[in-house]
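First up is the structure itself, then whatever we jot down about it.
Protein chains: 6
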Amino acid sequence: MTAAAREGLARLPDLMIAPIVRAALEEDLGRAGDITSTACIPAEARLQAAFVARKPGVVAGLDCARLTLGALDPDARFEARAADGDAVPPGTVLATIEGRARAVLSAERVALNLVSRLCGVATLTAAYVARTAGTRARIIDTRKTTPLLRALEKYAVRCGGGANHRFGLDDAILIKDNHVAACGGVGAALKRVREHAGHMVKIEVEVDSLEQLREALDHRPDVIMLDNFALPDLDAAVGLAAGRVILEASGGVDLTTVEAIARTGVDYISVGALTHSAPILDIGLDAL
Amino acid sequence: MTAAAREGLARLPDLMIAPIVRAALEEDLGRAGDITSTACIPAEARLQAAFVARKPGVVAGLDCARLTLGALDPDARFEARAADGDAVPPGTVLATIEGRARAVLSAERVALNLVSRLCGVATLTAAYVARTAGTRARIIDTRKTTPLLRALEKYAVRCGGGANHRFGLDDAILIKDNHVAACGGVGAALKRVREHAGHMVKIEVEVDSLEQLREALDHRPDVIMLDNFALPDLDAAVGLAAGRVILEASGGVDLTTVEAIARTGVDYISVGALTHSAPILDIGLDAL
Amino acid sequence: MTAAAREGLARLPDLMIAPIVRAALEEDLGRAGDITSTACIPAEARLQAAFVARKPGVVAGLDCARLTLGALDPDARFEARAADGDAVPPGTVLATIEGRARAVLSAERVALNLVSRLCGVATLTAAYVARTAGTRARIIDTRKTTPLLRALEKYAVRCGGGANHRFGLDDAILIKDNHVAACGGVGAALKRVREHAGHMVKIEVEVDSLEQLREALDHRPDVIMLDNFALPDLDAAVGLAAGRVILEASGGVDLTTVEAIARTGVDYISVGALTHSAPILDIGLDAL
Amino acid sequence: MTAAAREGLARLPDLMIAPIVRAALEEDLGRAGDITSTACIPAEARLQAAFVARKPGVVAGLDCARLTLGALDPDARFEARAADGDAVPPGTVLATIEGRARAVLSAERVALNLVSRLCGVATLTAAYVARTAGTRARIIDTRKTTPLLRALEKYAVRCGGGANHRFGLDDAILIKDNHVAACGGVGAALKRVREHAGHMVKIEVEVDSLEQLREALDHRPDVIMLDNFALPDLDAAVGLAAGRVILEASGGVDLTTVEAIARTGVDYISVGALTHSAPILDIGLDAL
Amino acid sequence: MTAAAREGLARLPDLMIAPIVRAALEEDLGRAGDITSTACIPAEARLQAAFVARKPGVVAGLDCARLTLGALDPDARFEARAADGDAVPPGTVLATIEGRARAVLSAERVALNLVSRLCGVATLTAAYVARTAGTRARIIDTRKTTPLLRALEKYAVRCGGGANHRFGLDDAILIKDNHVAACGGVGAALKRVREHAGHMVKIEVEVDSLEQLREALDHRPDVIMLDNFALPDLDAAVGLAAGRVILEASGGVDLTTVEAIARTGVDYISVGALTHSAPILDIGLDAL
Amino acid sequence: MTAAAREGLARLPDLMIAPIVRAALEEDLGRAGDITSTACIPAEARLQAAFVARKPGVVAGLDCARLTLGALDPDARFEARAADGDAVPPGTVLATIEGRARAVLSAERVALNLVSRLCGVATLTAAYVARTAGTRARIIDTRKTTPLLRALEKYAVRCGGGANHRFGLDDAILIKDNHVAACGGVGAALKRVREHAGHMVKIEVEVDSLEQLREALDHRPDVIMLDNFALPDLDAAVGLAAGRVILEASGGVDLTTVEAIARTGVDYISVGALTHSAPILDIGLDAL
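Protein chains in written order, with numbering that gives the first Met the number 0: chain A, 0 to 287; chain B, 0 to 287; chain C, 0 to 287; chain D, 0 to 287; chain E, 0 to 287; chain F, 0 to 287.
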């Protein structure tokens, strides 16, 4: 990720992350707290440790680790050694921490659960982005996110060099096949939506065929999603649209197909797997 | 999953699932609600649809779909056609629903995000369980769960035929390497813990070598975790333990290695990937 | 409001209203509940009553009354006699209710506080809309809403025939004077934003002069806000834009000036007063 | 407001304001945060700005602005230049702030929404108070407050020189017409209430006529509300009560009628409009 | 408790009890739910059971049991056999229930924890009330309640025939010794408070001596609390007050002293132990 | 409590206590805050005070007092003069505080309500522990805790030298009489549970007779609860178990019977009264 890109990353304020961190800690501490550390570790003992990436990947969500530790030991020190968006080799120290040993050990798993998950999303996103280098296509996410973690996961997609599709049902209009069916066609649906949509809201429609694409083009939506189009149809679609509308390819996208899809000239490729099936990045906390 | 197993599945009461469903819906509806469906679909329109598995897998979490739909349309009908724990072929109808069309379409993504994720966990668990058939080893999860979804994911592990390790920092004692280091040895740690642990709490200790295993055995913990042991060392460990303690193998477990590990005779094999890296099961909502 | 308009009103699901109703009831009931009604009214007494508009106005938010009553008496009957979006003369019965007398009387003030406020917003909106009849201009709201009630108030604006500007800081980009200053000019700000903005997000920029408008037009934002433009400058702006961009007039708008502003040909006129200074519509609950 | 009055203002502790500020910020930040400021403003940029009253008014709620800014930038500086309760001319700097530019711009609207609303309530209250100067009558509020903001709005009434009626259904008894009807008369209602009311709770009864007033006086409530009494009847009521009970005039009160009502000698005049229909005070945030 | 008294009991609406019931259930169910019942009891098994008082006592809070059961099994039947406020002999069936056996067993402890605690408060209150029969003195509670359960416990005091003192810091003024010290005397404190107190709020002052009582009487508070007065001083205080003010005795009250205190003629006797030290009433759930 | 015991006390992190403190303060402050202190005490006044034990007892929960004060005055000083677990004579200063006088007085009651309650639990626990000195029996608590305060009360039991039974329905299996009845016997229940229980969960079964005890012993649960056994039966039970299983005596335990029960040789004695009927420890806040 370039410095310019990182500058524009749209980081989330702590205010938006802290409630998730707190809820995750409460989930893990339960009613009795960390009974192992209390039994083993003297109250005054201190610990220095490092978050270390065990595999190569892209960093995302270090603020989660900082806030998790801070929630258990407000006086602990957290020092980031990498930045969200960085691609790092195995063995990279992402951050060092120092604080009360009981707090460090109690925070470890929650911090790792959040960070390794977000790094996993960023890393998978970066893999897709890399496959589409040299094309105009940008990799985007979907609403297929982990419930309650959408803001964080969409942030991780940005860290991986991807871009975000809409954040929810309310911030953009996306007319899907069921909507089309209920309205009696792509054109009818777009007409109906046009009447009701606010002027600050973009309108996208999903089409399943070149025929539907032609019908959609007549109504000038902001974006057309080409759902499960074969490569030749994607080619044809790009030709038909002729730059008058943004084209998003969707469906059947994986790391083996994404490059060919990108080469058709579509503007965006949406990949649900970025958030619904990304394996975590293996990160550990090593005592120093 | 056998009928007997299903009977003992320890289902979660709706009370425990409903707040997650509600929060996930609020996350998706945002401040303006589903602006697409409201614009496209008449208020009085109704819709029948089916949740259909597109890939083979193991079912988990259908209650989530029922509660999501019910939260938006209390009068909607939800009919389960499969049961949590069922292994199903592609094309299986998991449930049919009927209700106000706007409610059905607004609920679709949240319901799928929850169910397909839980089915993913159950399906991956079942794959590990299948690899260990004929051995005494049971597949168990870890605390490497998705933040805020631990109860649901551990339930999904049970649906897949796995069992649960502890649910949090407070319901069992697990002495890990950092604790051992802080106490000056496995034996010292176990002695210290023994003084403070409650009688209703099981005690497990992690060992990294046969030497540490021997030291641990002298202190009779309930469970010993053999971390990253090579296969011959696992064999030796099973011999040393001689049935006096429960043995858990951990680390380096994947679908290619799990069978050999199971054949060493360990009692449990813990697999973080069940919850931290399971791809979703592809499920769709088809209008009928 | 026409039937078509009402059909597309984008009503809020109960799920989004109920938490506000509940919190408002808890605020009013405090720790001891309605000590007057309990002291005066026998537990089994029942009451029939009607919500009656004392002044002419536009209806909005009847669902709030229904949910407030239902929260205190799940078996109470609520029958709407008017619909959100209706313009009604004084004396109109908006809804009739029947239920336990204690519940009806305890719910009265919270229900009225919500409904009369939302009707007030809708009524003021309708007054602005009426002034602009026959022009292309649509009346829109702002983010100057009552904290914690934004979704409801923006819904009330729709009931009054207005449209919604963005719902928060996250669903559209609006570059304001301070942003322009920080970036060193309208063009620079638009360039910077263009690099980072998602494709599903509309971009608006505020300009203070015709000169800034020209600079903005070169960068093709989706919307340009003409802030505090005198009428001749609005005329000139409409000419300059020549339909290539959506124009929003803002600032200095009140019921005496809005018609002239609308006649300049701008597309939207945003009015903060719709939500920050609307007097309530006087509504009472009359026992029957 | 005199120094003595200000001393006794009964300020709200931060603990009571902070949850409202946080919820209002979450409402505005949504899932993606302030996408404009992040795109435009470098992360390290700082901003100095001033909250400036554009119109004359009475100050209330500066703590809300301080807490809003602090929630997004704990290290920001907030310096109050005016105090709650101050009457200020247009152009008055109410507070200056300095902090991270992104935080300042993200906090701006929420801070203004809260403060300008509370100043609006205080300013309208002060206008009523000014009209009643030289009389014994004090201006008081009602329960017709904005849902979820009652504590703040009642505080703003105090800032404007008004006093508070009860805060909810539970802290005082107010027998209204519907209660009277259900009990079969003012006397019967008061007798019934007297039996059940706690000794720490004041009792008020609403009367609609001099006849009801006489009946009420026989039962010695703490306060009698004269609802919609004509001026001559108010005069007569003050004579009848002869100082034995507190009299509150209610109904038909506006800025043109309040002085005459006050001159009748009633003790309190309650004005729902203070909180249900006060226009905001126009306040802006000017970059310095 | 007489029928008239019971009629005026000021029951709490379910809305106020349900969140406590829900939180208590979540506290008990933890992350895995009731693992015993799920393992032992078939999903479809049903159970009939009765809540039975094992000791004599006064009933309070049966709604808590109904709501606890209903939260786990909405279709369960709950039939009250006694009413809040009833004095019952040992062996009395308070309520019978029928529902899914797992739900009944999971709800049992939470329901009993709430009801037996509230019955304990009511029973102890009734004991104090019985000791003061034939005097004018009423037994009242204090703010020494269990954190988070104040509304329920004060309701239980009412069930036991007692009355409530203020519910919190905000609904009445009680000037205590530290306030008096800070103001430089009882008179000064009362003068200062009189200036700032709202007209709907009662004013009470604590005095430690007859001298302070005389000073207090000059300022006519609504209530004077006689703190730790010896019996002769209470006699003298009643004489001095001569019915012009309500007198509350406080301090050193227990079941052996309360009758003598009541015979001095004070109006109220406040007893912290009602809520801070009441033993529970022993109640069991017996399968039928 | 010895230093070693105190070291292993398993203190709760502030994160787990703070939400309870905050909710308790909100309960007491209501909507208007502490109207007495605001009226009486100048805003800038400061106060030094000491928490003093008026009776002998065992300390528990001082963190609650620290957090309560800190919630109202983040700059206040709190200095603990005793430690949780200390047995203290009357007159002992437990902690001194210094801060804004209004904050100190507003926090006083909530702080005392929490601390005096927890000290009451610890003190009663210590009394039971003292009675069993010289025996092997340890005093343990039950799930008969105050709803919403379980974690704090169980911590207080530890401060008093007791140990904890399970924390909820989910962290251990306890087969009670109703479960046994539903399964058709102790042995059947244990067999059924054994199939479903996780390996990290201990299993306890309740028996009512020596016959049931024999049946239970055959299935080797971790713990057997002897419910309401007479002393000779307890003796016999200890003989039968012969150290193969942990024995818990339950029922009919009070301060007069506990010693004899302990002398039978059981391992644990559970006492519901520790948390359901402990009187508070009398603690006051004295201005210095």
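For glycine and all other residues, C-beta sits at the position ideal for the given N, C-alpha and C.
Note that this is a predicted model, so its numbers are computed, not measured.
Look at the alpha carbon of residue i and the alpha carbon of residue j, and state the distance between them as a whole number of angstroms.
{"i": "H218/F", "j": "R99/B", "result": "54 angstroms"}
{"i": "E205/E", "j": "L254/E", "result": "23 angstroms"}
{"i": "A136/B", "j": "G271/B", "result": "16 angstroms"}
{"i": "P73/A", "j": "S36/A", "result": "18 angstroms"}
{"i": "A22/E", "j": "L168/F", "result": "14 angstroms"}
{"i": "R165/F", "j": "G159/B", "result": "28 angstroms"}
{"i": "I34/C", "j": "P220/C", "result": "58 angstroms"}
{"i": "K54/A", "j": "V92/A", "result": "11 angstroms"}
{"i": "L280/D", "j": "K190/A", "result": "42 angstroms"}
{"i": "L284/E", "j": "G264/B", "result": "46 angstroms"}
{"i": "L273/A", "j": "V156/A", "result": "7 angstroms"}
{"i": "A9/A", "j": "R30/D", "result": "12 angstroms"}
{"i": "R108/B", "j": "I139/C", "result": "30 angstroms"}
{"i": "A286/A", "j": "D234/B", "result": "30 angstroms"}
According to the Cβ coordinates, are residue i and residue j closer than 9 angstroms?
{"i": "T122/F", "j": "A277/F", "result": "yes"}
{"i": "A49/E", "j": "A110/E", "result": "no"}
{"i": "G90/A", "j": "A150/A", "result": "no"}
{"i": "I174/B", "j": "V192/B", "result": "yes"}
{"i": "D27/A", "j": "S105/A", "result": "yes"}
{"i": "I172/F", "j": "E152/F", "result": "no"}
{"i": "L246/F", "j": "I223/F", "result": "yes"}
If you count every other CB in all the chains shown that lies within 10 Å of the CB of residue i, and 16 or more means buried, which is it?
{"i": "K143/D", "result": "buried"}
{"i": "N163/B", "result": "buried"}
{"i": "R76/E", "result": "exposed"}
{"i": "G183/F", "result": "exposed"}
{"i": "A236/F", "result": "buried"}
Output, in chain order, the set of chain E residues within a Cβ distance shorter than 8 angstroms of residue i.
{"i": "D169/D", "result": "F166 and D170"}
{"i": "H218/F", "result": "Correct list: empty, because the minimum Cβ distance to chain E is about 13 angstroms."}
Check the Cβ of residue i against every Cβ in chain C and list those closer than 7 angstroms, keeping chain order.
{"i": "R53/E", "result": "The contacting residues do not exist; R53/E stays about 29 angstroms from chain C at best."}
{"i": "R149/E", "result": "R30"}
What residues from chain A crowd round residue i, counting only those whose CB sits closer than 8 angstroms?
{"i": "G29/B", "result": "F166, G167, L168, D169 and D170"}
Can you name the residues of chain D whose CB is closer than 7 angstroms to the CB of residue i?
{"i": "Y267/E", "result": "H198"}
Find the residues of chain A that neighbour residue i, judging by a C-beta separation of less than 9 angstroms, and give them in chain order.
{"i": "K190/C", "result": "Neighbours of K190/C on chain A: none; closest Cβ ~12 angstroms, over 9 angstroms."}
I want to verify the contact list: residues of chain B whose CB lies under 7 angstroms from the CB of residue i, in sequence order.
{"i": "N163/A", "result": "Simply none; closest approach about 14 angstroms."}
Which chain C residues sit within Cβ distance under 9 angstroms of residue i?
{"i": "A100/E", "result": "Ordered by position in chain C, no residue passes the 9 angstroms Cβ test against A100/E, which lies about 26 angstroms from the chain."}
The segment 37 to 46 of chain C contacting the segment 52 to 63 of chain B, beta-carbon criterion three pairs below 8 angstroms | no
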